[in-house]
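Here is the structure we will look at.
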Amino acid sequence: MSFARIDGTVIHYRHREGVGLPVVFLNSLGTDFRIWEGVIDRLPAELPLLLMDKPGHGLSQAAATTMEGYARCAAGLMALCGIERALICGVSIGGMIAQSLALSRPDLVAGLILSNTAARLGDTQSWQDRLDTLDRIGLAGMANAVLERWFSDRFRTEHPVDLEGYRAMLTRTPADGYATACAAIRDTDLRDRVGEIDVPTLCLAGTEDLASPPDVVHGLADAIPGATCRDIEGVGHLPMIEAPAAVAAAILDHHARLS
Ligand SMILES: O=C(O)CCC(=O)CC(=O)O
Numbered sequence: 001m002s003f004a005r006i007d008g009t010v011i012h013y014r015h016r017e018g019v020g021l022p023v024v025f026l027n028s029l030g031t032d033f034r035i036w037e038g039v040i041d042r043l044p045a046e047l048p049l050l051l052m053d054k055p056g057h058g059l060s061q062a063a064a065t066t067m068e069g070y071a072r073c074a075a076g077l078m079a080l081c082g083i084e085r086a087l088i089c090g091v092s093i094g095g096m097i098a099q100s101l102a103l104s105r106p107d108l109v110a111g112l113i114l115s116n117t118a119a120r121l122g123d124t125q126s127w128q129d130r131l132d133t134l135d136r137i138g139l140a141g142m143a144n145a146v147l148e149r150w151f152s153d154r155f156r157t158e159h160p161v162d163l164e165g166y167r168a169m170l171t172r173t174p175a176d177g178y179a180t181a182c183a184a185i186r187d188t189d190l191r192d193r194v195g196e197i198d199v200p201t202l203c204l205a206g207t208e209d210l211a212s213p214p215d216v217v218h219g220l221a222d223a224i225p226g227a228t229c230r231d232i233e234g235v236g237h238l239p240m241i242e243a244p245a246a247v248a249a250a251i252l253d254h255h256a257r258l259s
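Numbered according to UniProt numbering, the sequence shown spans residues 1 to 259.
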């Protein structure tokens, strides 16, 4: 368990030193970096890693910030850990932060894995509605709907105990941290810019994802020069939880292309 103050905000992170190109993981809305555990367990022990809770998530302090601010935070943490270049692997808003980092600090990015994400997720009204719902009923009241988007029907039926664990992860997210991230997604539209991304990019889609459906992820891959896309069958918005072996295999394949 490690903490550092980045741009005035205390950030919770995990850094594992090793050999070769590091992999940096950026997580989604209402989750913390424990979601990557099943993937990390399947990666070689010597692979260098950096995982972080973005501001207002997990054990990181909340901060009033934007998508660019989250990207600056990731860049600051990479500098603190002595990571000059990495494969950046982000899911959902984490994938938007990764795109933002690739555009603002291309020197830091050797390659991208963009899981269950887009250059524009939803629209302004849908995020404003989510913020209003958050104000009205809080995360506990929203949790059933969110969990239906996070996980496939099969996972929710077969893993009721895990589902309660992930409900706890979501509902323990500070409301201000969740709201800041919703506003950052609402205010981010990178569709005019992703064509400038100039690093090998692999997009991942979950065939049962209701938050960023496969056609949305395919659209992102089409917009980034040379990007490829892999569909992970039968999983929802968080394939690193439902199919960690498939995600670990995708990371290793893409990492091998960069090394
Ligand atoms: O997961 C994210 O980072 C944003 C996409 C989303 O809305 C997921 C959810 O349904 O909560």
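Ideal Cβ placement from N, Cα and C applies to all residues, glycine included.
### Task
Using the Cα positions of D187 and T124, report the straight-line distance between them to the nearest angstrom.
Stepping through the sequence shown from its first residue, residue 187 is reached at position 187. Stepping through the sequence shown from its first residue, residue 124 is reached at position 124. Between D187 and T124, the C-alpha separation is close to 7 Å.
#### Entry: Buried versus exposed call for M78 [16 or more other C-beta atoms within 10 Å across all chains shown]
Position 78 of the sequence shown, counted from the start, is the residue given in the question as residue 78. Buried.
### Strand pairing of M52, partner residues [DSSP]
As a first step, residue 52 is located in the sequence shown; it is residue number 52 there, counting from the start. Its beta-bridge partners are Y13, L26.
#### Entry: Whole-angstrom distance between A227 and A184, CA atom to CA atom
For the purposes of this step, residue 184 is taken as residue 184 along the sequence shown, with counting starting at 1. For the purposes of this step, residue 227 is taken as residue 227 along the sequence shown, with counting starting at 1. Distance between the alpha carbons of A184 and A227 is about 25 Å.
### Query
Cβ atoms of I35 and N27: under 8 Å apart, would you say?
Looking up residue 27 in the sequence shown gives position 27. Looking up residue 35 in the sequence shown gives position 35. Contact: yes.
### Query
Is the closest heavy atom of ligand 1 to the C-beta of R149 under 7 Å?
Against the sequence shown, residue 149 aligns to sequence position 149. Within the cutoff, so yes.
### Query
Does the separation of the CB atoms of L114 and G95 fall below 8 Å?
The residue given as residue 114 occupies position 114 in the sequence shown. The residue given as residue 95 occupies position 95 in the sequence shown. Against a cut-off of 8 Å, the Cβ pair of G95 and L114 comes out as a contact.
### Query
Going by beta carbon distance, what residues of the same chain come within less than 6 Å of H255, once the five residues before and after it are set aside?
One-based indexing of the sequence shown puts residue 255 at position 255. The residues are L87.
#### Entry: Assigned secondary structure, I197 (DSSP; H/G/I helix, E/B strand, else coil)
Indexing the sequence shown from 1 puts residue 197 at position 197. Three-state result, I197: coil.
### Query
So what's L87 in DSSP terms, helix, strand or just coil?
As a first step, residue 87 is located in the sequence shown; it is residue number 87 there, counting from the start. Correct three-state label for L87: strand.
### Message
Tell me the rounded alpha-carbon separation between L29 and V146.
### Response
On the sequence shown, residue 29 is found 29 positions in, with the first residue counted as 1. On the sequence shown, residue 146 is found 146 positions in, with the first residue counted as 1. If you take the alpha carbons of L29 and V146, they lie about 10 Å apart.
### Task
Please confirm whether any heavy atom of ligand 1 lies closer than 7 Å to the CB of V146.
Taking the first residue of the sequence shown as 1, we reach residue 146 at position 146. Indeed, a heavy atom of ligand 1 lies less than 7 Å from the Cβ.
### D135 versus Y166 - alpha carbon distance
Along the sequence shown, one-based indexing puts residue 135 at 135. Along the sequence shown, one-based indexing puts residue 166 at 166. Approximately 21 Å, taken between the alpha carbons.
### Query
By Cβ distance below 6 Å, which residues in the same chain neighbour D32 in space, the five residues on each side in sequence not counted?
As a first step, residue 32 must be located in the sequence shown, where it is residue number 32. D53, H57, G58, listed in sequence order.
### Whole alpha helix (DSSP H) elements within the stretch 192 to 243, 4-residue minimum
214 to 223, 239 to 242
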